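Note that the UniProt record's numbering numbers the sequence shown so that position 74 is 74, with each residue one more than the last. Ideal Cβ positions, reconstructed from N, Cα and C, are used throughout, including at glycine. Source: prediction; values computed, not measured.
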Amino acid sequence: MFARTSALLLVPVFALAAIAMPAELDTRDNSQCNTGSIQCCDSTQSSTDASTTFLLGLLGVVLGPVTGLIGLDCTPVSIIGTDAIALASSSYAASVRMKYASRKYVDLIRQTTAKWANWDPPIPIKVGSYGTINGETGELDVEGNIYDATFEEIWKTHFPNINLKDHQPKVGEPDEDFVVSSVGVRRRDLKIGPEIGLTGVANVSLKGEWQFATGRRGALLVMHKPRQTYLPPGELLKPLYNIPELKDKYIVTSVFSCPAYSIYLSDKSGEKVSLALVANGPIPTAPIANIGAELALDWWTDSQTSFLRKAASKKGDYSFTPLYALKRKLPVIRRLFRDSPVPEPTGDDFWIDVPQPWDPLDEDGELDPVYDGSDDEDDAGFDKENNAEE
Numbered sequence: 001m002f003a004r005t006s007a008l009l010l011v012p013v014f015a016l017a018a019i020a021m022p023a024e025l026d027t028r029d030n031s032q033c034n035t036g037s038i039q040c041c042d043s044t045q046s047s048t049d050a051s052t053t054f055l056l057g058l059l060g061v062v063l064g065p066v067t068g069l070i071g072l073d074c075t076p077v078s079i080i081g082t083d084a085i086a087l088a089s090s091s092y093a094a095s096v097r098m099k100y101a102s103r104k105y106v107d108l109i110r111q112t113t114a115k116w117a118n119w120d121p122p123i124p125i126k127v128g129s130y131g132t133i134n135g136e137t138g139e140l141d142v143e144g145n146i147y148d149a150t151f152e153e154i155w156k157t158h159f160p161n162i163n164l165k166d167h168q169p170k171v172g173e174p175d176e177d178f179v180v181s182s183v184g185v186r187r188r189d190l191k192i193g194p195e196i197g198l199t200g201v202a203n204v205s206l207k208g209e210w211q212f213a214t215g216r217r218g219a220l221l222v223m224h225k226p227r228q229t230y231l232p233p234g235e236l237l238k239p240l241y242n243i244p245e246l247k248d249k250y251i252v253t254s255v256f257s258c259p260a261y262s263i264y265l266s267d268k269s270g271e272k273v274s275l276a277l278v279a280n281g282p283i284p285t286a287p288i289a290n291i292g293a294e295l296a297l298d299w300w301t302d303s304q305t306s307f308l309r310k311a312a313s314k315k316g317d318y319s320f321t322p323l324y325a326l327k328r329k330l331p332v333i334r335r336l337f338r339d340s341p342v343p344e345p346t347g348d349d350f351w352i353d354v355p356q357p358w359d360p361l362d363e364d365g366e367l368d369p370v371y372d373g374s375d376d377e378d379d380a381g382f383d384k385e386n387n388a389e390e
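Below you can see the structure in the form of structure tokens.
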């Protein structure tokens with residue numbers, strides 16, 4: 001992080017919001033970070049490091065007897081003295097950002113739903129997009145879309161008599177609120193009383209309280225009135241199987257979009273998270289951009305953590321895609337014996353669900369060092385590309 005440190009030296013104003021200094025360190029064996037409001041930093045340096053001491057000197061910060069790790073490029077939380085300094089009290093370096101947070105979240109949601117979670121729902125994922133899964137982040141690296149003009153030319157060379165424009169994605173009706181959590185997460189009813197101070201109680205359309213386990217990560221996904229957009233069944237997947245340009249590519253066959261979402265990855269402290277979706281006006285079942293009504297849709301929560309993400313469209317537009325289905329080509333099936341029959345796939349069965357391109361993960365999203373996959377049988381024709389630890 002020397003490049004970042006140089007930037008801070010040149011622009012000390014920005015450095016004020018980028019440094020976190022710990023108080024006395026309290027050694028813990030459970031690798032927990034029980035600091036209340038945790039600060040996220042991209043890196044840490046020792047308080048005795050010469051360059052760090054020089055930087056703090058420019059900012060007028062005197063360490064005195066305090067020793068330990070100092071976080072750089074941080075999001076400020078608990079404040080002492082000046083706005084530049086926040087305390088951390090764990091030898092586990094609570095101020096360090098969890099490197100594989102997105103991969104761990106995606107992995108947990110996939111175990112529960114058999115679908116792929118989008119760590120950044122405001123970034124749209126479109127039906128027909130194709131690419132590969134990034135082994136470090138768990139996100140889809142999009143390389144194109146079957147409805148793009150570029151792919152349309154490829155399609156015409158293989159199927160000149162089939163017009164892709166006649167096979168557009170289908171859009172389903174809005175569904176009931178969708179809530180899914182990983183194993184070990186318990187949901188309770190959220191009792192809204194005067195002590196909560198929640199305005200617009202009469203229009204709380206979705207609420208709940210979730211208890212997470214101690215010592216393990218948990219994931220939560222909440223979608224308000226989601227609807228599914230999907231490839232037309234039985235029309236495109238079989239011909240797409242025969243296009244060589246899609247070899248070793250994954251294709252998005254359906255996406256779930258919604259006007260409001262909330263996602264959460266727990267910090268292993270056994271925390272409790274409360275959420276409520278509040279609307280100042282009627283809750284629409286379809287976008288109301290053209291109706292002229294004014295709708296204020298927003299989330300209330302009692303939690304302020306780095307791994308809680310939430311958003312709501314003020315107009316009820318289906319702006320977010322928190323979940324999607326991903327398929328890959330069916331691997332070549334070989335005969336076990338010379339005269340043994342080979343089952344012939346039909347229709348959409350030419351494409352199957354995509355497995356995760358990483359071995360089992362530990363609680364922080366790292367590849368589990370205890371796991372030994374030497375005896376596992378790999379899927380035929382499947383290459384774990386982009387694996388973070390290769």
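Going by beta carbon distance, what residues of the same chain come within less than 6 angstroms of residue i, once the five residues before and after it are set aside?
{"i": "S102", "result": "W119, T137, G138"}
{"i": "F256", "result": "P226, Q228, L323"}
{"i": "V106", "result": "A117, G138"}
{"i": "R187", "result": "G208, W210"}
{"i": "S313", "result": "P259, S319"}
{"i": "F159", "result": "P239"}
{"i": "D302", "result": "S274"}
{"i": "H167", "result": "P232, E235, L236"}
{"i": "L308", "result": "Y264"}
Tell me which same chain residues have a C-beta within less than 8 angstroms of the C-beta of residue i, skipping the five on either side of it?
{"i": "K272", "result": "E209, W210, Q211, F212"}
{"i": "R110", "result": "W116, A117, Q356"}
{"i": "Y250", "result": "Y130, G131, T132, I133, L140, L326, K327, R328, V354"}
{"i": "D175", "result": "K225, P226, R227, Q228"}
Would you mind working out which of the options sits nearest residue i, comparing C-alpha positions?
{"i": "R328", "options": "E153, P244, A149", "result": "P244"}
{"i": "G144", "options": "L246, L108, L236, N242", "result": "L246"}
{"i": "L326", "options": "E152, T132, M98, S269", "result": "T132"}
{"i": "W299", "options": "V252, F178, V142, K207", "result": "K207"}
{"i": "residue 391", "options": "D267, P160, G172", "result": "Within the shown structure, residues of the chain are numbered from 1 to 390, placing residue 391 beyond reach of any answer."}
{"i": "W155", "options": "D349, T301, K99, Y241", "result": "Y241"}
{"i": "V252", "options": "S269, G234, Y230, G270", "result": "Y230"}
{"i": "G215", "options": "S205, L265, Y261, P232", "result": "L265"}
{"i": "A114", "options": "S274, V354, L277, D248", "result": "V354"}
{"i": "V127", "options": "S254, I263, P360, G316", "result": "S254"}
{"i": "Y261", "options": "P160, D317, T305", "result": "D317"}
{"i": "H224", "options": "G218, V179, P232", "result": "V179"}
{"i": "I146", "options": "Y130, L308, A279, L361", "result": "Y130"}
{"i": "F350", "options": "D359, L308, P233, D362", "result": "P233"}
{"i": "K315", "options": "L330, T305, L297", "result": "L297"}
{"i": "D248", "options": "P124, F159, L330", "result": "L330"}
{"i": "V204", "options": "Q304, A279, D302, T112", "result": "A279"}
{"i": "A311", "options": "T346, I263, S182, W358", "result": "I263"}
{"i": "S181", "options": "S274, L108, L308, Y100", "result": "L108"}
{"i": "I162", "options": "P174, L308, E235, T112", "result": "E235"}
{"i": "V183", "options": "T305, A219, I352, D175", "result": "A219"}
Return the Cβ separation of residue i and residue j in integer angstroms, given the expectation that the two are a contact with Cβ distance under 8 angstroms.
{"i": "F320", "j": "P121", "result": "4 angstroms"}
{"i": "L237", "j": "D348", "result": "5 angstroms"}
{"i": "A276", "j": "L367", "result": "That belief does not hold up - the Cβ atoms of A276 and L367 are roughly 37 angstroms apart, past 8 angstroms."}
{"i": "M98", "j": "G365", "result": "7 angstroms"}
Mapping the DSSP letters down to three states, classify residue i as helix, strand or coil.
{"i": "G131", "result": "strand"}
{"i": "Y147", "result": "coil"}
{"i": "S205", "result": "strand"}
{"i": "P244", "result": "helix"}
{"i": "A325", "result": "strand"}
{"i": "K170", "result": "strand"}
{"i": "I251", "result": "strand"}
{"i": "Y264", "result": "strand"}
{"i": "V370", "result": "coil"}
{"i": "F178", "result": "strand"}
{"i": "R216", "result": "coil"}
{"i": "V185", "result": "coil"}
{"i": "I85", "result": "Low confidence applies to I85: its pLDDT is 35, below 50, so where it sits in the model is not reliable, and the reading given next is rough at best. It is coil, neither helix nor strand."}
{"i": "F320", "result": "strand"}
{"i": "E24", "result": "In this prediction, E24 scores a pLDDT of 41, lower than 50, which makes its location untrustworthy; the coordinate-derived value is nonetheless stated afterwards. In the structure shown, E24 sits in coil (DSSP, three-state: anything other than H, G, I, E or B)."}
{"i": "L275", "result": "strand"}
{"i": "Y230", "result": "strand"}
{"i": "Y92", "result": "Residue placement at Y92 is flagged as unreliable, the pLDDT there being 36, under the threshold of 50; the coordinate-derived value follows with that caveat. Coil at Y92, not helix or strand."}
{"i": "Q111", "result": "helix"}
{"i": "F256", "result": "strand"}
{"i": "S269", "result": "strand"}
{"i": "P121", "result": "coil"}
{"i": "T301", "result": "strand"}
{"i": "D364", "result": "coil"}
If you drop the 5 nearest sequence neighbours on each side, which residues of the same chain put their C-beta closer than 7 angstroms to that of residue i?
{"i": "E363", "result": "R216, R217, K268"}
{"i": "E152", "result": "L164"}
{"i": "I125", "result": "N118, L140, V252, V255, T321, Y324"}
{"i": "E173", "result": "R227"}
{"i": "V171", "result": "R227, T229"}
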